[in-house]
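J.: For the record, the sequence lines run as chains A and B. If you use this note's numbering, the first sequence corresponds to residues 1 to 111, in order. If you use this note's numbering, the second sequence corresponds to residues 1001 to 1115, in order. Following this message is one structure expressed as structure tokens.
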Amino acid sequence: AQSVTQLDSQVPVFEEAPVELRCNYSSSVSVYLFWYVQYPNQGLQLLLKYLSGSTLVKGINGFEAEFNKSQTSFHLRKPSVHISDTAEYFCAVQAGTALIFGKGTTLSVSS
Amino acid sequence: EPEVTQTPSHQVTQMGQEVILRCVPISNHLYFYWYRQILGQKVEFLVSFYNNEISEKSEIFDDQFSVERPDGSNFTLKIRSTKLEDSAMYFCASTPRGKGTDTQYFGPGTRLTVL
């Protein structure tokens, strides 16, 4: 069965610092991987997705992620965060018609 | 930009009561989904729905749950007899075709509180 593990439940960073949110997946077949963001009191919004091709995927708001098949990872990165990036971030893998989510990582950006 | 909408934003009910959560998917989308998120836990898949039939469901989606597309715009989740453990945020989502490459567009959620 496919699964996702997000290694950090909370990541506090200062504004303009770089950040990496870690995600490892488990799958025996080709994977489609996603990162979603949830701002307070809002729904889930797609940041980026990996379907095939280039292993470096660029998304919205300056985020990018790298698909690493040998390490079964799909870590999310941003070189310089803003206060407005404070949110919950979810990594997910497609399994049939369902998305299987990780537990989420709370990114807290302070000045 | 088209959005998935959900009503109500918050529903409070007594244990044993029936609740219906409503969603309006994006208008040209054909696949619809329900997920839930118990406080402090991960977002969990409940069910996918296409062409007036359940396409896939998780083990959470037992006989207490049902889904329906009563008209051309709404998609509903019914919980027949609510339990305390049904308290959660429920998210509706939709996709154009249901393929793995499609982005699932999520609504803002309905917070269900069972007392």
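Every residue, glycine too, gets a C-beta built ideally from N, C-alpha and C.
Is the Cβ-Cβ distance between leucine 76 (chain A) and leucine 21 (chain A) less than 8 angstroms?
T.: Locating residue 76 (chain A) in the first sequence gives position 76, counting from the first residue. Locating residue 21 (chain A) in the first sequence gives position 21, counting from the first residue. Taking 8 angstroms as the Cβ cut-off, leucine 76 (chain A) and leucine 21 (chain A) qualify as a contacting pair.
J.: Where do the N-terminal and C-terminal ends of the beta strand (DSSP E) with glutamine 1011 (chain B) fall, by residue?
T.: Counting from one through the second sequence, the residue named residue 1011 (chain B) turns up at place 11. Looking at the DSSP string, the run of the beta strand (DSSP E) that includes glutamine 1011 (chain B) is 1010-1013.
J.: Per DSSP, glutamine 38 (chain A) forms a beta bridge with which residues?
T.: Residue 38 (chain A) sits at position 38 when you count from the first residue of the first sequence. Paired residues: A:Leu44 and A:Glu88.
J.: What are the start and end residues of each continuous alpha helix (DSSP H) run of 4 or more residues lying completely inside the stretch 1030-1084 of chain B, in chain order?
T.: Counting whole runs of 4 or more residues, the stretch 1030-1084 of chain B contains no alpha helix (DSSP H) stretch at all.
J.: Considering only residues of the same chain and omitting the five flanking positions on each side of arginine 1022 (chain B), which have a CB-CB separation below 7 angstroms?
T.: Numbered from 1 along the second sequence, position 22 holds the residue referred to as residue 1022 (chain B). Taken in chain order, the residues that qualify are Gln1006, Thr1007, Asn1074 and Thr1076.
J.: What residues from chain B crowd round tyrosine 32 (chain A), counting only those whose CB sits closer than 9 angstroms?
T.: For the purposes of this step, residue 32 (chain A) is identified with residue 32 of the first sequence, where counting begins at 1. In chain order: Gly1100 and Thr1101.
J.: Measure how close the beta-carbons of phenylalanine 1049 (chain B) and valine 1067 (chain B) come, nearest whole angstrom, since I'm counting them as under 8 angstroms.
T.: On the second sequence, residue 1049 (chain B) is found 49 positions in, with the first residue counted as 1. On the second sequence, residue 1067 (chain B) is found 67 positions in, with the first residue counted as 1. The Cβ separation is near 5 angstroms, so the contact holds.
J.: Tell me which residue opens and which closes the beta strand (DSSP E) that valine 1117 (chain B) is part of.
T.: Shown here, chain B extends from 1001 to 1115; a query on residue 1117 (chain B) therefore has no answer.
J.: How many Å lie between leucine 48 (chain A) and aspartate 1071 (chain B) at the Cα?
T.: Indexing the first sequence from 1 puts residue 48 (chain A) at position 48. Indexing the second sequence from 1 puts residue 1071 (chain B) at position 71. The straight-line gap from Cα to Cα measures roughly 32 angstroms.
J.: Strictly below 7 angstroms CB to CB, what residues from chain B border leucine 76 (chain A)?
T.: What you label residue 76 (chain A) is simply residue 76 of the first sequence in a count that begins at 1. Going along chain B, no residue has its Cβ under 7 angstroms from leucine 76 (chain A), so there is no contact; the nearest lies around 16 angstroms.
J.: Nearest by alpha-carbon distance to leucine 7 (chain A): which of A:Leu46, A:Asp85, A:Tyr89 and A:Ser110 is it?
T.: Reading the first sequence from its first residue, position 7 is the one you call residue 7 (chain A). Nearest of A:Leu46, A:Asp85, A:Tyr89 and A:Ser110 to leucine 7 (chain A), Cα basis: A:Tyr89.
J.: Helix, strand or coil for asparagine 1028 (chain B) per DSSP?
T.: Here residue 1028 (chain B) is taken as the residue at index 28 of the second sequence, counted from 1. The answer is coil: DSSP assigns asparagine 1028 (chain B) none of H, G, I, E or B.
J.: I want to verify the contact list: residues of chain B whose CB lies under 7 angstroms from the CB of leucine 107 (chain A), in sequence order.
T.: Taking the first sequence and counting its residues from 1, the one referred to as residue 107 (chain A) is at position 107. Under the 7 angstroms cutoff, chain B gives no residues; its nearest Cβ is about 16 angstroms from leucine 107 (chain A).
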